[in-house]
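Engineer: I'd like to ask you about the structure that follows.
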Amino acid sequence: MTFDLLVEVGEENQRLDVWLVSKLEGVSRTTIQKMLKGGLVTVGVRTAPANHKTRAGERFQGSVPPQEPLSAAPADIPLKIVYEDDDIIIVDKEAGMVVHPAKGHENDTLVNALLFKGKILSDAGEDGLRPGIVHRLDKDTTGLIAIAKNAAAHAALSEQLKSREMGREYLAVVRGEMKKSSGTIDKPIGRHKIHRKKMTVNDARSAGSREAQTLFETVETFPNKNAALLKINLKTGRTHQIRVHLSSIGNPIIGDTVYGKEKTNLIGRPALHAAKLRLVHPTTRETMVFEAPVPPDFLALLDALRSTKRR
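Start counting the sequence shown at 16; every next residue gets the next number (the working numbering).
Rendered as structure tokens:
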């Protein structure tokens with residue numbers, strides 16, 4: 016992939032590798048640093064030095080070396096399948112499991128586990144790494160995810176997501192007092208300009224921003240612990256949407272060290288659980304509802320918050 020990028024007014028005095036990360040979607044900072052060291056980036060007619068600071072009006076050109084292709088291979092990983100027929104599989108995903116292979120997680124994902132069990136899945140997508148994947152859950156989010164076993168099922172489920180016919184209900188434990196007991200967070204979400212692995216609330220006019228709506232309802236409050244249990248429903252499904260939206264209103268999810276600053280020993284991950292999934296079966300057109308029990312670490316967190324002793 017080649018690029019030709021202009022430094023705009025307001026983008027000056029940034030480290031070149033940081034600026035390039037903000038401009039080259041999907042290219043890691045490590046890759047960009049290797050490109051700079053290898054002389055693959057030029058400014059004008061000269062090679063751009065690795066320690067260069069950007070100036071407005073500068074034009075950087077170069078090429079990103081091709082990445083080594085990945086492929087999805089079977090792996091013997093425990094998996095909790097709660098429902099399966101000829102068209103769909105419903106999985107109750109554990110914390111710590113990535114949904115599909117990516118750099119750094121080539122062989123330890125939900126897809127690898129399904130392939131090991133001999134499951135026939137729908138087309139793997141353009142990159143060959145997402146067979147059956149219609150929607151995703153973050154690595155440390157537990158709960159329900161739907162998998163398509165054929166092209167017709169994949170198309171039907173994807174359309175339900177697009178038309179917002181598929182229902183996805185989550186439980187989240189957040190820090191802070193809720194200013195409203197229920198409501199809708201309606202804020203566009205896009206890639207962070209500097210930290211490209213993070214998402215952020217953006218202006219709707221920002222490049223790459225997409226509309227995002229999250230509905231929340233307070234289930235229980237813990238005033239002496241400055242926390243609350245929420246029920247969340249998604250109208251859209253952007254990357255990290257629930258975590259970003261809740262953080263944006265001052266109520267980050269407990270255990271989320273990416274979008275919340277607090278570290279806690281109460282739970283070792285973001286307290287987010289995909290508790291209920293509602294869909295229309297792609298063949299029978301029957302409305303199906305699945306529920307996943309709250310996992311032990313989430314229950315332990317609730318027990319700690321309900322205790323009268325402050326921690």
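Yeah, the Cβ is synthetic: ideal placement off N, Cα and C, and Gly gets one too.
Report yes if the C-beta of V309 is less than 7 Å from at least one heavy atom of the ligand ZN; otherwise report no.
Structural biologist: The ligand ZN is not part of this structure, which contains no ligands at all.
Engineer: So, do the segment 244-260 and the segment 172-185 have three or more beta carbon pairs nearer to each other than 8 Å?
Structural biologist: As far as the Cβ criterion goes, the segment 244-260 touches the segment 172-185, which means the pair count is three or higher.
Engineer: Note down, in chain order, each residue of its chain lying with its Cβ closer than 8 Å to the Cβ of T157, except the 5 sequence neighbours on either side.
Structural biologist: In the sequence shown, counting from the first residue as 1, residue 157 sits at position 142. Cβ neighbours of T157 beyond the five flanking positions: D107, K108, E109, A110, L287, H288, A289, A307, P310, F313.
Engineer: What does the alpha-carbon distance come out to for the pair E232 and A243?
Structural biologist: For the purposes of this step, residue 232 is taken as the residue at position 217 of the sequence shown. For the purposes of this step, residue 243 is taken as the residue at position 228 of the sequence shown. Near 10 Å, if we compare the C-alpha coordinates of A243 and E232.
Engineer: Report back the beta-carbon spacing between A168 and I105 to the nearest angstrom; my notes put them in contact at under 8 Å.
Structural biologist: Position 153 of the sequence shown holds residue 168. Position 90 of the sequence shown holds residue 105. The Cβ separation is near 12 Å, so there is no contact.
Engineer: Quick check: the Cα distance between E141 and G147, rounded to an integer number of angstroms?
Structural biologist: Residue mapping note: residue 141 aligns to position 126 of the sequence shown, counting from 1. Residue mapping note: residue 147 aligns to position 132 of the sequence shown, counting from 1. Low per-residue confidence applies at E141: pLDDT is 49, beneath 50, and the placement is therefore not dependable enough to give any value.
Engineer: What is the residue span of the alpha helix (DSSP H) that S262 lies within?
Structural biologist: On the sequence shown, position 247 is the one that residue 262 refers to. Start and end: 256-263.
Engineer: Going by the CB atoms, is the gap between G275 and R151 shorter than 8 Å?
Structural biologist: The residue you call residue 151 lines up with position 136 of the sequence shown. The residue you call residue 275 lines up with position 260 of the sequence shown. Result no, Cβ atoms of R151 and G275 do not sit closer than 8 Å.
Engineer: Could you check if G133 is buried or exposed, using at least 16 other CB atoms within 10 Å of its CB as the buried criterion?
Structural biologist: For the purposes of this step, residue 133 is identified with residue 118 of the sequence shown, where counting begins at 1. Exposed, because fewer than 16 other Cβ atoms sit within 10 Å of the Cβ of G133.
Engineer: Taking the beta carbon of L292 as the centre, do at least 16 other beta carbons fall within 10 Å, making it buried, or is it exposed?
Structural biologist: For the purposes of this step, residue 292 is identified with residue 277 of the sequence shown, where counting begins at 1. Buried, by the Cβ-count rule.
Engineer: T298 and H260: beta carbons closer than 8 Å?
Structural biologist: Within the sequence shown, the letter at position 283 stands for residue 298. Within the sequence shown, the letter at position 245 stands for residue 260. No, the Cβ-Cβ distance between T298 and H260 is not below 8 Å.
Engineer: What residues in its chain sit with their C-beta under 8 Å from that of R44, if we drop five residues either side in the sequence?
Structural biologist: Position 29 of the sequence shown, counted from the start, is the residue given in the question as residue 44. Here the set comprises D32, V33, V36, R211.
Engineer: For T236, report the span of its beta strand (DSSP E) as first-last.
Structural biologist: Here the question's residue 236 lines up with position 221 in the sequence shown. Its beta strand (DSSP E) spans residues 228-237.
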